[in-house]
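The structure under discussion appears below in the form of structure tokens.
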Amino acid sequence: MNVRILYFARLREAFGTSQEAPALPADVATLGDLLDWLRARGGVWAEQLGPGRAYRMAVNQDVAGPEVRLQDGDEVAIFPPVTGG
Amino acid sequence: MKIAVQTEPFDLAAEVEALYHDHPQVGAVASFLGITRDRNDGEGVAAMTLEHYPGMTERALERIVAEARSRWDLLDATVIHRVGALKPTDPIVLVAVAAAHRGEAFAACEFIMDYLKTRAPFWKKEATADGERWVDARESDDNAAARWVNRLAKP
């Protein structure tokens, strides 16, 4: 399965990239699985997405939780809590 | 309904007038103008950069306005949010709501701002004397939005 992952603001800077389109292993089925897969990279990935860190996720531009199942071609976004206005 | 995310400045008077000009049923327009401040968390702020999530931001703002229209009898609404480089005294956000009477207009304007602060994907980065820093989300903004969850549209 291929998904596009977008990163914004503090996370974009920490990861050093605004987006990527990885080919995911077969055992990544949900958004929570994707987070585990990203954390397994270690370093800033494990740190920024680790316990106690505040971040939000969206799938196809709707806010989503870790239980959401991913589909081929989905647009996933991971970003800090919002601070507009 | 007008939703805009833009780098350019906006014209407050023109945006408000557009909500009642040629609409004689409008009896009230409530507007909120958010301005870039020169201080935050006790530190001087020289400049700010606004980042957003193109596409999701507009969708989130449309949903917030739709939710406001489902709660109050509104005739029209405009939300304009600037992104990119801003400096103190620059207007950053405009929310303007037209209704027959002021009660709906005031309430919906405040509701849209409270939800925008917690649901629309914008992020502020401030330039201070110590360098640049991302602004942290505030619990007080979450509390302001939470007030509306169980609140009826009209008393």
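Protein sequences, first through last, are from chains A and B. With the numbering used here, letter number 84 in the first sequence gets 84, and the count goes up by one each step, no holes. Each number in the numbering used here corresponds to the 1-based position in the second sequence with 1000 added. C-beta: ideal position from N, C-alpha, C; glycine also.
* **Residue burial classification, B:Lys1124 (beta-carbon count within 10 angstroms, cutoff 16)** => buried
* To do: Please go through the region 1092 to 1142 of chain B and give each complete beta strand (DSSP E) segment of 3 or more residues, from N-terminal end onward.
  => 1122 to 1128 and 1131 to 1134
* Would you say A:Thr17 reaches chain B, if we count a Cβ-Cβ gap shorter than 9 Å as a contact? -> no
* Quick check: the region 1038 to 1052 of chain B against the region 1097 to 1105 of chain B, are there 3 or more CB pairs under 8 Å? -> no
* Asked: By how many angstroms is the C-alpha of A:Gly43 removed from the C-alpha of B:Glu1008?
  -> 39 Å
* Asked: Between A:Pro81 and B:Ala1137, which are expected to be in contact by the criterion C-beta below 8 Å, what is the C-beta distance as a whole number of angstroms?
  -> 4 Å
* Determine contact between the region 57 to 67 of chain A and the region 1012 to 1020 of chain B, defined as no fewer than three beta-carbon pairs at a distance below 8 Å. => no
* Buried or exposed for A:Gly65, please, with buried defined as at least 16 other CB atoms from any protein chain shown within 10 angstroms of its CB. => exposed
* Asked: Going by alpha carbons, who is nearest to B:Ala1105 out of B:Glu1015, B:Arg1069 and B:Glu1132?
  -> B:Arg1069
* In its own chain, which residues sit with a C-beta less than 8 Å from the C-beta of A:Leu34, not counting the 5 before and 5 after it? -> Val3, Ile5, Leu24, Val28, Leu70 and Val76
* Just the chain A side, please: which residues come within less than 7 Å of B:Ala1120 by C-beta, in chain order? => Val82 and Gly84
* Minimum Cβ-Cβ distance from B:Arg1059 to chain A less than 9 Å -> yes
* B:Ser1070 by DSSP, collapsed to three states: which one? -> helix
* Compute the beta-carbon to beta-carbon distance between B:Val1065 and B:Ile1080, rounded to the nearest angstrom, for a pair I have assumed lies under 8 Å. => The Cβ separation is near 12 Å, so there is no contact.
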